[in-house]
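**Q** Dropping the structure in here first, questions after.
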Ligand code: FES
Ligand code: FES
């Protein structure tokens, strides 16, 4: 099936199988920040934005994304860098495999709510697994980011 | 100063921003998709297999079975040579020994075609009776390896005719006599479960022939040099024809020490001459890689009324599943990295059987036996203190190891072989214990506080030790190269699996040279370009690879001074990291190095260092926690966890802290939530993140990690290891806290709400 995807502002015409998911389409197009951690929509690692909404790309059919605006981490590098600096300052990104999904989720949260509490942050990120860090370092980094942003 | 400094990871920002860095990101665009047909039976023999229909599909380029791959028996364990694990596995075997064992390999242009092809392979199986319960495995009339062609490189007690992958026993002192004279002898049995690594990046491997026809493997491995050796040997090609590259890894924790997909992609590329890639599905990661060894641990301990511990006797049954990867060594570490904690005893004995079953194999996993052993030992110490009516803290203080002491166990028990005698030159266990308890407010909280009529909180703790590499086995090396404009390339074999070891090694090089960290460009783990390293396991990287880097940097400094002396025509030039000074003459390293290559002397400066540990100084820690139990439901919540760690000098305190926090959470997961579960016919049924409970960020209260001031004289800049120790204390600390809260002693992991509820309602 021919679909038109608007990825990070660029239009792509691609042919996609009916059962193809965005995760695979995007990776094939070279958007390697989009990663697969599971096959049961339960890790958050593949998270992207479609029309401004946070979705797991492993469960979003490419044909359903026709004419939709898709944002991957490649499209929000500046914003991502701003947040990431606080996490790397804690050393909390270990293997880093969960990071792109975390960042896409955080950016989505900040789009909805500029000044969330840490409780709200944790709830929003609850579906994003990290096996390396124990989460604490991520939370320290995010808390500092929010503090500085508020100031 | 570059060490003892929390600089960000050199690769951190790039990874966070999603730059292509992992195995699948680096696969050639035209790589064939490789998939593996997996055994649906726990134990079966292939009586016939036909891939004709699969091969008829035009997109399919290759289908391989046990009939057309090299027939060699080896171990996938990914250890040094000769391996302490039995040679009991083939690339593809006619006999299938667990659900998920590899039956056939298919490669094709599209994933859909490969899936279709796999469904068209016709296999006839002769289903065999299976051994599922590991407590019935020894001397069962069903044999997992009945073929009799498995063997071991040296004596490890391997006896497939008894379902024994390995066996070990040792005794120091006279156990019988000592126990007879004890005032109290107590005995308990503990169970620990199979745990899944659940690293977020599934195992992946890529193969292709480069433009010179060399077989290049990109793999998410912790042991690139072992991969090259094992691949070459069993594919029967010279080592020189293979290059293994380890890119960034999405976590390992031991789960990527062994060989997984490497053979499959290599064979496909050999046959088709095309690039090939294999990315495990999450289900395959759960079913067809390996888990932590499940264990039953019997402990008998004897003590005097005054609280002197006299004897510890440990007997273990370990379940290695279908193949004996790390069978012997994980067993031994359960003793060798726990029992020296109580080094004053008169008698200590340790023995164990590692049995085969028809389940997913056991393998290396952070903690590596020590976490299983620690759960049993540290639960037992609380039990014994209770019987003696002695405060559990006092009991530890009285009996635990102290700085400057030794344990006979270091000498007797190594990993698969004899050990190495050593005194413990840095051991701040006493301070760790004080600090963890103080931070928890033990005095006021022990043993319990009542929240309301239904909820009660209890506190508990455990002490632990680990090692720093395997002495006289783990070897690491580094090469430093000076470039014009005064910066260095640091080439290391060491394998960064997300731990930050690249960064730590940069810090050590910078510290030794006196330069800033941005002058060191690190490249690691590429068998063509970097020097040898055994790999990232056994908590060896900071200690062993760190020394390799330090030595290389010291030699580089000497080489710079040597060239400077010639440059200035003096014999007393000095280098301070920025400038080279000789009398009143000064030249910056930038200028000097540029001149070195373009005009003067014109010789490349390269240095190397390699190191093999002569001891394995243990890091120590104390972990203390408060848990809340709801007596109505048995619900257990870890309110707070306090860890105090002696890892010598933390080269990068932030990275060390995250290592401990991450390990603590894996340990808490193991204690309360995680268990690889099988049905009666050997079906691993929690094979997804939906069913297998990896702790999320909502589960656990805050974890507080502190490092005590410590310096290990034998370590690089005083460092010991820190990667594994964090996982060891949660099982016993939490079990002890639950006991203190409720009076219920739970001796089987995981400790679920159900198991506690059942005991509370007995
Ligand atoms: S890959 Fe895990 S949620 Fe999409
Ligand atoms: S950093 Fe490895 S999974 Fe989060």
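Protein chains in written order, with my numbering: chain A, 4 to 154; chain B, 2 to 763. Where a beta carbon is used, it is the ideal one built from N, C-alpha and C, also for glycine. Nothing here was measured: the structure is a model prediction, and the numbers come from that model.
#1: Shorter than 7 Å, the distance from the beta carbon of residue 70 of chain A to the closest heavy atom of ligand 2, or not?
#2: If the criterion is Cβ atoms closer than 8 Å, does the pair residue 110 of chain A and residue 82 of chain A meet it?
#3: Would a C-beta distance cut-off of 8 Å place residue 624 of chain B and residue 644 of chain B closer than the cut-off?
#4: Alpha carbon to alpha carbon, how far is residue 680 of chain B from residue 234 of chain B? Give it in angstroms, no decimals.
#5: Can you name the residues that DSSP bridges to residue 186 of chain B?
#6: What whole-angstrom Cβ distance do residue 341 of chain B and residue 33 of chain B have, given they're in contact under 8 Å?
#7: Looking at the secondary structure, which residues open and close the beta strand (DSSP E) in which residue 61 of chain B lies?
#8: Express the C-alpha separation of residue 636 of chain B and residue 761 of chain B in angstroms, rounding to a whole number.
#9: Which of helix, strand or coil does DSSP assign to residue 552 of chain B?
#10: Check whether the stretch 554-574 of chain B and the stretch 495-505 of chain B are in contact - that is, three or more C-beta pairs closer than 8 Å.
#11: As an exercise, report each continuous alpha helix (DSSP H) stretch of at least 4 residues that is fully enclosed by the stretch 654-705 of chain B, in chain order.
#12: Return the residues of the stretch 86-100 of chain A that lie within a Cβ-Cβ distance of less than 9 Å from chain B, sorted by chain order.
#13: When Cβ atoms are compared, which residues of the stretch 121-136 of chain A fall closer than 8 Å to chain E?
#14: Near residue 54 of chain A, which residues of its chain fall below 7 Å by C-beta distance, leaving aside the five closest residues on each side in sequence?
#15: Let me confirm a value: residue 467 of chain B is counted as buried when at least 16 other C-beta atoms fall within 10 Å, else exposed. Which label applies?
#16: Let me check understanding here. Comparing Cα to Cα, which of B/318, B/562, B/480 and B/68 lies closest to residue 522 of chain B?
#17: Is any beta-carbon of chain B found at less than 8 Å from that of residue 156 of chain A?
#18: Excluding sequence positions up to five away, which residues of its chain have a Cβ less than 8 Å from the Cβ of residue 252 of chain B?
#19: For residue 58 of chain B, name the three-state secondary structure that DSSP assigns.
#20: Looking only at C-alpha atoms, which of B/544, B/709 and B/738 sits nearest to residue 448 of chain B?
#21: Should residue 33 of chain A be labelled buried (16 or more other beta-carbon atoms within 10 Å of its own) or exposed?
#22: What residues from the stretch 636-659 of chain B come within 9 Å of chain A, judged by C-beta to C-beta, listed N to C?
#23: Go ahead and label residue 31 of chain B buried or exposed: buried means 16 or more other beta carbons lie within 10 angstroms of its beta carbon, across all protein chains shown.
#24: Between the stretch 322-347 of chain B and chain A, which residues of the former have CB atoms less than 8 Å from a CB of the latter, in chain order?
#25: Let me check you understand the geometry: is the CB of residue 134 of chain A closer than 7 Å to at least one non-hydrogen atom of ligand 2?
#26: Let me know the secondary structure DSSP gives residue 244 of chain B once reduced to three states.
#27: What are the residues that DSSP puts in a beta bridge with residue 170 of chain B?
#28: Is any heavy atom in ligand 1 found nearer than 7 Å to the beta carbon of residue 67 of chain A?
#29: Taking 7 Å as the cut-off, is the CB of residue 242 of chain B close to at least one heavy atom of ligand 2?
#30: Given a cut-off of 8 Å on the beta-carbon distance, is the pair residue 717 of chain B and residue 609 of chain B in contact?
#31: With a threshold of 7 Å (Cβ to nearest heavy atom), would residue 39 of chain A be considered close to ligand 1?
#32: Strictly by DSSP, which residues pair up with residue 525 of chain B?
#33: Which residues in chain B have a C-beta closer than 9 Å to the C-beta of residue 81 of chain A? List them in chain order.
#34: Report the neighbours of residue 16 of chain A on chain B: residues whose CB is nearer than 8 Å to its CB, in chain order.
#35: Using only the alpha-carbon positions, how far apart do residue 146 of chain A and residue 16 of chain B sit?
#36: Tell me, please, whether the stretch 327-342 of chain B touches the stretch 359-372 of chain B by the rule of three or more beta-carbon pairs shorter than 8 Å.
**A** Put simply:
#1: Position 67 of the first chain, counting from 1, holds the residue named residue 70 of chain A. Distances taken from the Cβ of residue 70 of chain A to the heavy atoms of ligand 2 include none shorter than 7 Å.
#2: Along the first chain, one-based indexing puts residue 110 of chain A at 107. Along the first chain, one-based indexing puts residue 82 of chain A at 79. Yes, the pair counts as a contact, with Cβ atoms nearer than the cut-off.
#3: Along the second chain, one-based indexing puts residue 624 of chain B at 623. Along the second chain, one-based indexing puts residue 644 of chain B at 643. Yes, they are a contact pair.
#4: Here residue 234 of chain B is taken as the residue at index 233 of the second chain, counted from 1. Here residue 680 of chain B is taken as the residue at index 679 of the second chain, counted from 1. Using only the alpha carbons, I get a separation of about 37 Å.
#5: Position 185 of the second chain, counted from the start, is the residue given in the question as residue 186 of chain B. In DSSP, residue 186 of chain B forms a bridge with B/303.
#6: Position 340 of the second chain, counted from the start, is the residue given in the question as residue 341 of chain B. Position 32 of the second chain, counted from the start, is the residue given in the question as residue 33 of chain B. Not really, about 51 Å apart at Cβ, beyond 8 Å.
#7: If you number the second chain from 1, residue 61 of chain B lands on position 60. Where residue 61 of chain B is concerned, the enclosing beta strand (DSSP E) stretches over 61-65.
#8: Your numbering for residue 761 of chain B matches position 760 in the second chain. Your numbering for residue 636 of chain B matches position 635 in the second chain. So the two alpha carbons sit approximately 11 Å from each other.
#9: By 1-based counting over the second chain, the position of residue 552 of chain B is 551. Helix.
#10: Counting Cβ pairs under 8 Å, fewer than three are found: no touch.
#11: 654-673
#12: 86, 87, 88, 90, 91, 92, 93, 94, 95, 96, 97, 98, 99 and 100
#13: Chain labels in this structure do not include chain E; the protein chains are A and B.
#14: The residue labelled residue 54 of chain A in the question sits at position 51 within the first chain. A distance below 7 Å between beta-carbons, with the five flanking residues on each side excluded, links residue 54 of chain A to the following residues of its chain, in chain order: 71 and 72.
#15: For the purposes of this step, residue 467 of chain B is taken as the residue at position 466 of the second chain. Looking at its Cβ environment, which holds 16 or more other Cβ atoms inside 10 Å, residue 467 of chain B is buried.
#16: Locating residue 522 of chain B in the second chain gives position 521, counting from the first residue. The shortest Cα separation from residue 522 of chain B among B/318, B/562, B/480 and B/68 belongs to B/480.
#17: The question about residue 156 of chain A has no answer, for chain A in this structure spans 4 to 154.
#18: One-based indexing of the second chain puts residue 252 of chain B at position 251. Result list for residue 252 of chain B: 198, 200, 201, 202, 498 and 499, in chain order.
#19: As a working note, residue 58 of chain B is residue 57 in the second chain. Of the three classes helix, strand and coil, the one that applies to residue 58 of chain B here is coil, per DSSP.
#20: The count along the second chain starts at 1 and reaches residue 448 of chain B at position 447. Nearest C-alpha to residue 448 of chain B: B/738.
#21: As a position in the first chain, residue 33 of chain A is number 30, starting the count at 1. Looking at its Cβ environment, which holds fewer than 16 other Cβ atoms inside 10 Å, residue 33 of chain A is exposed.
#22: 653, 654, 655, 656, 657, 658 and 659
#23: Your numbering for residue 31 of chain B matches position 30 in the second chain. Label assigned to residue 31 of chain B: exposed.
#24: none
#25: For the purposes of this step, residue 134 of chain A is taken as the residue at position 131 of the first chain. The answer is yes for residue 134 of chain A.
#26: Taking the second chain and counting its residues from 1, one reaches residue 244 of chain B at position 243. It is a strand residue.
#27: As a working note, residue 170 of chain B is residue 169 in the second chain. B/352, per the DSSP bridge assignment.
#28: Taking the first residue of the first chain as position 1, residue 67 of chain A is located at position 64. Checking every heavy atom of ligand 1 against the Cβ of residue 67 of chain A, none is found closer than 7 Å.
#29: Taking the second chain and counting its residues from 1, the one referred to as residue 242 of chain B is at position 241. Residue 242 of chain B: no, Cβ never under 7 Å from ligand 2.
#30: Indexing the second chain from 1 puts residue 717 of chain B at position 716. Indexing the second chain from 1 puts residue 609 of chain B at position 608. Cβ distance not < 8 Å, so residue 717 of chain B and residue 609 of chain B don't count as in contact.
#31: Mapped onto the first chain, residue 39 of chain A falls at position 36. It does: the Cβ of residue 39 of chain A is within 7 Å (strictly closer) of some heavy atom of ligand 1.
#32: Along the second chain, one-based indexing puts residue 525 of chain B at 524. Answer is B/493.
#33: The residue labelled residue 81 of chain A in the question sits at position 78 within the first chain. Those do not exist, as residue 81 of chain A stays about 10 Å from chain B at its closest Cβ, beyond 9 Å.
#34: Within the first chain, the letter at position 13 stands for residue 16 of chain A. Within chain B, no residue comes near residue 16 of chain A; the closest Cβ sits about 19 Å away, beyond 8 Å.
#35: Counting from one through the first chain, the residue named residue 146 of chain A turns up at place 143. Counting from one through the second chain, the residue named residue 16 of chain B turns up at place 15. Each residue's Cα considered, the two are about 21 Å apart.
#36: Taking a contact to require three or more Cβ pairs closer than 8 Å, the stretch 327-342 of chain B and the stretch 359-372 of chain B qualify as touching.
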